[in-house]
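Note that this note's numbering gives residue 617 to position 127 of the sequence shown, counting from 1, and the numbers run on in steps of one.
Below you'll find the structure, written out as structure tokens, and then a few comments.
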Amino acid sequence: LDAEGIAHDPDAIDELARGADGSLRDGLSLLDQAIAYGAGAVRANEVRAMLGTIERGQVYALIEAAHAGDGNALIAEIERLAEFSPDFAGVLDEIAGALHRIQLKQLIDVQASESRSDDAQVAALAARMPAEEVQLFYQIAITGRRDLPIAPTPRAGFEMTLLRMLAFRPADAGAP
Numbered sequence: 491l492d493a494e495g496i497a498h499d500p501d502a503i504d505e506l507a508r509g510a511d512g513s514l515r516d517g518l519s520l521l522d523q524a525i526a527y528g529a530g531a532v533r534a535n536e537v538r539a540m541l542g543t544i545e546r547g548q549v550y551a552l553i554e555a556a557h558a559g560d561g562n563a564l565i566a567e568i569e570r571l572a573e574f575s576p577d578f579a580g581v582l583d584e585i586a587g588a589l590h591r592i593q594l595k596q597l598i599d600v601q602a603s604e605s606r607s608d609d610a611q612v613a614a615l616a617a618r619m620p621a622e623e624v625q626l627f628y629q630i631a632i633t634g635r636r637d638l639p640i641a642p643t644p645r646a647g648f649e650m651t652l653l654r655m656l657a658f659r660p661a662d663a664g665a666p
């Protein structure tokens with residue numbers, strides 16, 4: 491992109507890499523699509539819109555609301571998220587991925603990958619969430635992901651998955 495003089499965001503490249511899921515051919519195809527979609531530039535917000543993905547901050551807001559036991563905040567975040575018509579299965583994958591990174595930070599104090607823009611959020615949640623809660627939320631996320639195709643609608647399945655996190659969170663999860 492630099493050689494071609496195409497403006498781009500580092501976060502947009504991360505989004506495209508995740509979307510390509512290890513396939514160079516898919517990555518190049520997605521990059522071409524992103525350039526066209528962004529009228530000659532590759533910006534994170536446009537790539538997320540093109541791929542149906544969401545900003546990482548929204549993933550952490552969902553986890554925070556579930557951890558805090560705040561049902562109103564959780565539903566408000568789901569409403570904000572639904573405005574963008576995301577791929578709800580992909581959002582559950584993002585939640586599971588974030589929980590994986592949180593658990594790695596908690597139990598062995600390592601980063602799951604190279605330095606990322608959300609490292610501070612991962613560290614903050616790792617310090618506040620009990621390890622057992624992270625494991626429970628992870629299990630709920632991957633089970634919800636598996637069950638999403640049989641839900642009445644993708645959004646209903648997604649909401650029920652997050653409400654399950656809220657309903658089954660340990661009673662002392664929010665305690666200092």
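In this text, a Cβ means the ideal position worked out from N, Cα and C, and glycines have one as well.
Note that this is a predicted model, so its numbers are computed, not measured.
| Check | Outcome |
| --- | --- |
| Environment of residue 643 [buried if 16+ CB atoms lie within 10 Å] | exposed |
| Whole-Å CB distance - residue 615 paired with residue 527, under 8 Å assumed | In fact, because the Cβ distance is near 32 Å, the residues do not count as touching under 8 Å. |
| Nonlocal neighbours in the same chain, by C-beta distance under 6 Å from residue 531, ignoring five residues either side | 497 |
| Neighbourhood of residue 436 by C-beta distance below 8 Å, restricted to the same chain and skipping five residues each side | Here the chain comprises residues numbered 491 to 666, so residue 436 is not present and cannot be evaluated. |
| Residue 585 beta carbon less than 8 Å from that of residue 565 | no |
| Beta-carbon contacts of residue 623 that lie in its chain and below 8 Å, excluding the five residues immediately before and after | 557, 659, 660, 663 |
| Continuous alpha helix (DSSP H) stretch holding residue 643: start and end | Here residue 643 belongs to no alpha helix (DSSP H), and DSSP marks it neither H nor E. |
| Whole-angstrom distance between residue 514 and residue 618, CA atom to CA atom | 38 Å |
| Residue 547, buried or exposed, once every other Cβ within 10 Å from all chains shown has been counted against 16 | exposed |
| For residue 605, the three-state DSSP class (helix, strand or coil) | Only weak support is given to the placement of residue 605: the predicted model assigns it a pLDDT of 49, under 50, and the question is left unresolved by the model. |
| Delimiting residues of the alpha helix (DSSP H) encompassing residue 598 | 578-598 |
| Extent of the continuous alpha helix (DSSP H) to which residue 498 belongs | Segment: none, residue 498 is in no alpha helix (DSSP H) and carries neither H nor E. |
| Contact under 8 Å by Cβ, residue 654 with residue 632 | no |
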